[in-house]
Amino acid sequence: MMFSFGPGNDSSKITELKRNPGMRKILMLNIFGMERSNAELIHFSSLANGFISLGYDVTVVHVSAKGRTTHRDILSDEVKFKEIVVRGRWYTLFITSTMAISRFLKIIKDLKPEILYVRLSIFSAIYVLTLRFLKADHIKIITEHNGWIGPEARIKGMNPFIVWIGGVLQRYSALKSDMIRAVSEGIKSYLISLGAKDSRIFIIGNGTDIKHFRPLGITPVYEVGFIGNLVKWQGLDILVDAFYLVTREKPGIRMAIAGSGPEEKNITKRLKALGIEDHVDMLGDIPYKDAPDVINSYKICMAPKIVFSSKEYPHVFYSYSPLKIRDYAACGKPIIASRIRGLEEIEEAGFGLLVPPGKARPMADAILRLIDNPRLCEIMGRKARTYAEKNYSWDIVAMRISENISREP
């Protein structure tokens, strides 16, 4: 069964969902994912708020490591929250979080949710499989897959056992889910290659808070900017090389990179090697409340992601659904991104330029083109905001998920 989501009728669908409750009691599970102010926290919390806006009774269950802060400031006051605290250092948390499943099962028994919505990770996959082992068939399990757990762990340089167990757990949790949400076509194709049924998978990308992320009418401080996790697949080494080429033609240009992560030292080292460290500000971690100010301080926003593949699945393509694209668009900014699966809408909807991934010269040329054409930047910015309002709102994302929750595979 296929669903069409035209931008013109989403608001009426949201109203209709509120009038016709159906399955309304959702328990959302996240393990250790609300301990850092990052994309996962924003995504998970915003989706919970989206379900609330549709009239769902939402309870978030979060498994937390003792001594760490759980960030709940994005969650609506209407979202109920239950916390399971476990002890241990990072290398024992897999064991202690698994041992805490009995407390999670008690919450299930007390609340009697109709739907369990799980943002999948190595940890949460264990919870999904436990429920299925116990034959808790009265609960409809929806798992959300945001990536290829095993192959991504390999890129991060993790222990081979973690790489292996990540792949195994993702596969079996997908096989045991009633429905599966993949955030991109590439993730769906990967799950199918693992044995998941096509009919159980629906593709719905990520969203943004279009009230929080919006044009602020301020004069940009930086011609070029990036915000996000500083990890290898963001392609930031290519961005730095492209920016170096731009500075050869426009010596006064400035760029900012906001965020933190394992690639931060490599980026700083590369900036110094190219002699452009004075042209680039490394802004560090940005609190969620300040992210719109940072994005609005950029004239052009960048998403230079690299092509990702796995030797085990060479016939399967990877694709993205990055939050930053949604945030950039909601702030009314023109975007330059890599021409890879999942980012086609940037060019198709006319709010940015796509360039070959992994190549500095075409990226530099695209930056120069937009810098030299403020009128084009203005047009793209308006189109970006309009597209975000019609397609990227978390209410719309929640509505599209809700429609799939209610159907049978």
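The letter at position 23 of the sequence shown is residue 22 when you use numbering that gives the first Met the number 0, and the numbering goes up by one with no holes. Glycine is no exception: its CB is placed at the ideal position from the N, C-alpha and C atoms. Quick caveat, the model's predicted, so the values are computed rather than measured.
By the three-class DSSP mapping on this structure, what secondary structure does residue i have?
{"i": "residue 157", "result": "coil"}
{"i": "residue 320", "result": "coil"}
{"i": "residue 358", "result": "coil"}
{"i": "residue 35", "result": "coil"}
{"i": "residue 251", "result": "coil"}
{"i": "residue 278", "result": "helix"}
{"i": "residue 297", "result": "strand"}
{"i": "residue 149", "result": "helix"}
{"i": "residue 428", "result": "Outside the shown range of the chain, which is 0 to 408, sits residue 428, and nothing can be said about it."}
{"i": "residue 134", "result": "coil"}
{"i": "residue 101", "result": "helix"}
{"i": "residue 168", "result": "helix"}
{"i": "residue 68", "result": "coil"}
{"i": "residue 225", "result": "strand"}
{"i": "residue 403", "result": "helix"}
{"i": "residue 85", "result": "strand"}
{"i": "residue 195", "result": "coil"}
{"i": "residue 110", "result": "helix"}
{"i": "residue 372", "result": "coil"}
{"i": "residue 344", "result": "helix"}
Spell out the partners DSSP gives residue i in its beta bridges.
{"i": "residue 58", "result": "26, 79"}
{"i": "residue 41", "result": "In DSSP, residue 41 forms no bridge with anything."}
{"i": "residue 217", "result": "None, per the DSSP bridge assignment."}
{"i": "residue 144", "result": "181"}
{"i": "residue 116", "result": "27, 141"}
{"i": "residue 413", "result": "The question about residue 413 has no answer, for the chain in this structure spans 0 to 408."}
{"i": "residue 283", "result": "257"}
{"i": "residue 201", "result": "180"}
{"i": "residue 351", "result": "334"}
{"i": "residue 63", "result": "84"}
{"i": "residue 409", "result": "This structure cannot settle anything about residue 409, because the visible part of the chain is limited to 0 through 408."}
{"i": "residue 302", "result": "336"}
With distances taken between CB atoms, is the gap from residue i to residue j smaller than 8 Å?
{"i": "residue 330", "j": "residue 224", "result": "no"}
{"i": "residue 56", "j": "residue 24", "result": "yes"}
{"i": "residue 291", "j": "residue 215", "result": "yes"}
{"i": "residue 259", "j": "residue 238", "result": "no"}
{"i": "residue 204", "j": "residue 183", "result": "yes"}
{"i": "residue 370", "j": "residue 222", "result": "yes"}
{"i": "residue 249", "j": "residue 294", "result": "no"}
{"i": "residue 252", "j": "residue 278", "result": "yes"}
{"i": "residue 180", "j": "residue 400", "result": "yes"}
{"i": "residue 396", "j": "residue 206", "result": "yes"}
{"i": "residue 29", "j": "residue 78", "result": "no"}
{"i": "residue 349", "j": "residue 382", "result": "yes"}
{"i": "residue 173", "j": "residue 359", "result": "no"}
{"i": "residue 209", "j": "residue 377", "result": "no"}
{"i": "residue 152", "j": "residue 161", "result": "yes"}
{"i": "residue 168", "j": "residue 124", "result": "yes"}
{"i": "residue 201", "j": "residue 390", "result": "no"}
{"i": "residue 276", "j": "residue 270", "result": "yes"}
{"i": "residue 126", "j": "residue 103", "result": "yes"}
{"i": "residue 337", "j": "residue 234", "result": "yes"}
{"i": "residue 86", "j": "residue 111", "result": "no"}
{"i": "residue 226", "j": "residue 323", "result": "yes"}
{"i": "residue 91", "j": "residue 82", "result": "no"}
Among the candidates the options, whose CA atom is the shortest distance from the CA of residue i?
{"i": "residue 43", "options": "91, 110, 142, 138", "result": "142"}
{"i": "residue 177", "options": "382, 26, 140", "result": "140"}
{"i": "residue 135", "options": "123, 114, 148, 144", "result": "114"}
{"i": "residue 106", "options": "85, 97, 58, 147", "result": "58"}
{"i": "residue 132", "options": "171, 399, 226", "result": "171"}
{"i": "residue 67", "options": "49, 124, 34, 74", "result": "34"}
{"i": "residue 284", "options": "187, 51, 338, 257", "result": "257"}
{"i": "residue 355", "options": "181, 249, 335, 253", "result": "335"}
{"i": "residue 232", "options": "254, 210, 217, 261", "result": "261"}
{"i": "residue 27", "options": "130, 80, 175", "result": "80"}
{"i": "residue 282", "options": "267, 274, 273", "result": "267"}
{"i": "residue 265", "options": "129, 236, 328, 276", "result": "236"}
{"i": "residue 188", "options": "157, 145, 375, 368", "result": "145"}
{"i": "residue 398", "options": "40, 373, 45", "result": "45"}
{"i": "residue 31", "options": "62, 41, 50", "result": "62"}
{"i": "residue 101", "options": "154, 84, 357", "result": "84"}
{"i": "residue 385", "options": "108, 130, 121, 325", "result": "325"}
{"i": "residue 280", "options": "220, 70, 64", "result": "220"}
{"i": "residue 473", "options": "213, 380, 320", "result": "Since the first residue shown for the chain is 0 and the last is 408, residue 473 is missing from the structure and cannot be characterised."}
{"i": "residue 76", "options": "50, 65, 98, 405", "result": "50"}
{"i": "residue 302", "options": "343, 129, 40, 289", "result": "343"}
{"i": "residue 218", "options": "347, 88, 373", "result": "373"}
{"i": "residue 367", "options": "341, 357, 352", "result": "352"}
{"i": "residue 392", "options": "109, 213, 159", "result": "213"}
{"i": "residue 164", "options": "129, 130, 122", "result": "122"}
Problem - Contact between the segment 363-373 and the segment 237-252 (3+ Cβ pairs under 8 Å) - result: Between the segment 363-373 and the segment 237-252, the count of C-beta pairs closer than 8 Å reaches three or more; the two stretches touch.
Practice task
Check whether the segment 192-208 touches the segment 115-122, taking contact to mean three or more Cβ pairs, one atom from each stretch, closer than 8 Å.
Solution key: Result no; under three Cβ-Cβ pairs closer than 8 Å.
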